Amino acid sequence: MKLQKQPTLADTICDLRARKIKTTFFTQINELIDWYSIEKLIDADYSKGKSVVGKPSYSGLLLFKMCLLQSWYGLSDYEVEDRLNDSISFSYFCGMHIDEVAPDHSTLSRFRTALTKTKTFEKLFGSINAQLEAHKIIVKKGIIVDASVIETPLRPKGKTNHEVTEDRSEEEIAVKKEYAQSVDKDGTWLKKRGKYHFGFKKHHVTDDEGLVLGVLTTTGSKNEIANLEEVLETVNIDLPKDIPLKADKGYQSRKNAEILKKRNLKNHILKKAYKNKPLTNWEKKFNKLIGKTRFKVERTFGGIKRWFNGGLARYRGMAKMHTQNLMEAICYNLYRSPGIIASNCKN
């Protein structure tokens, strides 16, 4: 076990940290998570290297906590560097003395790129979720699946024809859109509810409370109906048998029914009406019952967008977008954890 840093004179003078921040969110998260195990995961894949100007290298855990702060507050690399230098609460969360200088934006960017290449963010997401499950914050009594569009500002401009996929349709149509010089080549067009979007999709598997269990990132035109099995593969820990999977009617297909049967999951996908075959009274009641909990995955997407300024691509390329989606999922689960613990104590 690593020894805690001894407080400096500056820390002592600013003892208001202990008094004013004791019951804050940052303290709760630091007490909830075993950061030592997280640091070991990071250090296995991240080499701190040597500073060419003789400055001390920064720990991977410090840089990961900066990534958390960045996602929680919707900050750029430059902004999180400035805030860490100015904010007592930020330095407290990251384990820095207030007279220490924060890592600069380029160090943070290189760290994120390095861990993206080694897929370490996937491991960190799984490790933190395992801790939340041990605390009974995540409970797998059922799962919910859905997808959300993430638009990128690096979209085509200039008049030309593009293949645009209708959301949840396997057909492609050509429409006139504009091209620009700088375009994210991993993004694609999608038509949803009559509007055109360019970018990516994030596919979530959540528990019944909306906490994220699995994340899949695809290009925007990817049809989520056809990749249910791929989405379920993102939950890299075994799910209990015979728990229900809830999803909207767009996921209803014979193939998906077989996938759920093979995985010993109950099919609670909303029933869909067809031409000359309306829903029966039983199917309407079934949909109403499932809808009472299925909306929670939509609340997850909404929470990430509202609380963390999510829903917009911050980076270029599929790999870095997947890192963004994983970090937002980690941050969402941690953000809700203190409230769930308090609720569990009341019950």
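Per my numbering, numbering through the sequence shown is continuous, rising by one, with the last residue being 463. The C-beta atom is built at its ideal place from N, Cα and C for all residues, glycine as well. All figures in this text were calculated on a predicted structure; none of them were measured in a lab.
DSSP places N383 in the uninterrupted beta strand (DSSP E) bounded by K382 to I385. At least 8 Å separates the beta-carbon of F316 from that of T350. In terms of Cα proximity to S243, the closest of R228, W151 and L376 is W151.
In this chain, A218 is not harboured by any beta strand (DSSP E), its DSSP state being neither H nor E. For G303, no alpha helix (DSSP H) encloses it, and the DSSP letter there is neither H nor E. Burial check for L332: the Cβ neighbour count within 10 Å reaches 16 or more, so the residue is buried.
In the three-state reduction of the DSSP assignment, H438 falls in the helix class. Distances from the alpha-carbon of I254 to those of L327, I420, I446 and R228 put L327 closest. Assignment of beta-bridge partners to A263 by DSSP yields H319. For F142, the closest alpha carbon among the candidates D324, Y189 and A246 is that of Y189. The residue from H313, L200, F417 and A429 with its alpha-carbon nearest to that of A263 is F417. In this structure, DSSP gives L332 an extended state, which the three-state scheme calls strand. Cβ neighbours of A389 within its own chain (closer than 6 Å, five residues either side excluded): L395. Each residue's CA atom was taken as its position, placing N449 and F424 some 12 Å apart.
Of F237, T322, M437 and A445, the smallest CA-CA separation from I154 is found for F237. Residue nearest to Y162 within the set L185, Y431, F227 and D220 is F227 (criterion: CA-CA distance). If you keep only unbroken beta strand (DSSP E) runs of at least 3 residues inside the region 179 to 265, you get nothing at all.
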